[in-house]
Amino acid sequence: MWDLELIPVYLLLSMWGGKKRLYSATKFILYTAGSSIFFFNRSFRYKFIWFERTNIKFRTIRGNQAYPVTLEILFYIGFLIAFAVKSPIIPLHTWLPDTHGEAHYSTCMLLAGILLKMGAYGLVRINMELLPHAHSMFSPWLMVVGTIQIIYAASTSPGQRNLKKKRIAYSSVSHMGFIIIGIGSITDPGLNGAILQIISHGFIGAALFFWQELVMIESGLFILMKWVEWLSPFQRYLQCSLSYRWLPLHYRA
Numbered sequence: 001m002w003d004l005e006l007i008p009v010y011l012l013l014s015m016w017g018g019k020k021r022l023y024s025a026t027k028f029i030l031y032t033a034g035s036s037i038f039f040f041n042r043s044f045r046y047k048f049i050w051f052e053r054t055n056i057k058f059r060t061i062r063g064n065q066a067y068p069v070t071l072e073i074l075f076y077i078g079f080l081i082a083f084a085v086k087s088p089i090i091p092l093h094t095w096l097p098d099t100h101g102e103a104h105y106s107t108c109m110l111l112a113g114i115l116l117k118m119g120a121y122g123l124v125r126i127n128m129e130l131l132p133h134a135h136s137m138f139s140p141w142l143m144v145v146g147t148i149q150i151i152y153a154a155s156t157s158p159g160q161r162n163l164k165k166k167r168i169a170y171s172s173v174s175h176m177g178f179i180i181i182g183i184g185s186i187t188d189p190g191l192n193g194a195i196l197q198i199i200s201h202g203f204i205g206a207a208l209f210f211w212q213e214l215v216m217i218e219s220g221l222f223i224l225m226k227w228v229e230w231l232s233p234f235q236r237y238l239q240c241s242l243s244y245r246w247l248p249l250h251y252r253a
């Protein structure tokens, strides 16, 4: 059930979008389907250990590891690679700018609002809860990678003139870095902040793609210039954009 979403997303990418939509759709399916190999491989091995019973629950597995730490680390790495593509975590993020650049804006809303959150959910639900010992060992590295991701994507985003193709996509990569840091912190405030960012990024990111499409339709500009004449849609875009960058003070992460 985990990867059934790849089929409709691939169809949306390949049928509606820009001139290079087939290239972006192929790159998307190769990255995500390739990561699924690690996910299913580790899932089947995990099932071999735990699923001698026909039914199992997370509450039963959690805290009852019947395997050595070395095996837990192998499980952790396999799941981490699978979830790192969907999150995305650098250097496995390169499919996202191309996908956002060629996809229809409604597909971009779906990607930003739902698909990117599946990787973060998997990190919390599986890596953090079911593999706590390995997570405590890898958590410092997650925080380092998250910090590098924030700096790299945030510094790359302003250099992209095309609003739809690169700028918002790299902003999403940067903000996912905050989620990675929160997950790697192994603290209640950090995890709460990561979950809050997952939810807020889903709503605000989708809204940002919607309003930027309206700005482009009314202005005819895909480049950041001469937006003063279209003040009304630009104001709405600016509101979502500022919220996307954690500037509002109506909540604390």
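With full-length UniProt numbering as the guide, the letters of the sequence shown map in order to residues 1 to 253. Beta carbons are placed, not taken as given, at the ideal position from N, Cα and C, and that holds for glycine.
Taking the alpha-carbon positions, what's the residue i to residue j distance?
i, j, result
"Phe178", "Pro68", "31 Å"
"Trp16", "Met109", "14 Å"
"Ile37", "Gly122", "15 Å"
"Gly182", "Leu131", "17 Å"
"Ile89", "Trp211", "26 Å"
"His175", "Val124", "17 Å"
"Ser139", "Ile151", "19 Å"
"Ser24", "Thr99", "5 Å"
"Gln197", "Ser155", "20 Å"
"Gly18", "Ala206", "19 Å"
"Ile7", "Thr26", "12 Å"
"Pro70", "Asn192", "The question names Pro, but residue 70 in the sequence shown is Thr. Rounded to whole angstroms, Thr70 to Asn192 spans 29 Å at the Cα level."
"Glu213", "Gly146", "29 Å"
Please tell me whether residue i and residue j are closer than 7 Å, where the distance is taken between their beta carbons.
i, j, result
"Asn127", "His133", "no"
"Pro91", "Ala169", "no"
"Tyr10", "Trp95", "no"
"Phe28", "Tyr105", "no"
"Leu142", "Ile195", "no"
"Phe75", "Gly119", "no"
Compare the C-alpha of residue i against each of the options and name the closest.
i, options, result
"Val144", "Ser106, Arg167, Gly184", "Gly184"
"Leu111", "Thr26, Ser172, Gly18, Ser155", "Ser172"
"Met137", "His100, Gln197, Ile199, Glu72", "Glu72"
"Gly113", "Gly18, Ser157, Ile199, Thr156", "Ile199"
"Ser157", "Arg167, Gly18, Leu214", "Arg167"
"Leu80", "Leu115, Ser35, His93", "Ser35"
"His93", "Asn192, Thr187, Ile148, Gly78", "Ile148"
Using the Cβ count rule (16 or more neighbours within 10 Å means buried), how would you classify residue i?
i, result
"Ala33", "exposed"
"Leu4", "exposed"
"Leu13", "buried"
"Lys86", "buried"
"Thr107", "buried"
"Ile204", "buried"
Could you give the C-beta distance for residue i and residue j, rounded to a whole number, given that I count them as a contact under 8 Å?
i, j, result
"Lys117", "Gly190", "About 17 Å; that fails the 8 Å criterion."
"Glu102", "Arg21", "5 Å"
Does any residue of chain B have a CB that is nearer than 7 Å to the CB of residue i?
i, result
"Gly78", "Absent from the structure: chain B. Only one protein chain is present."
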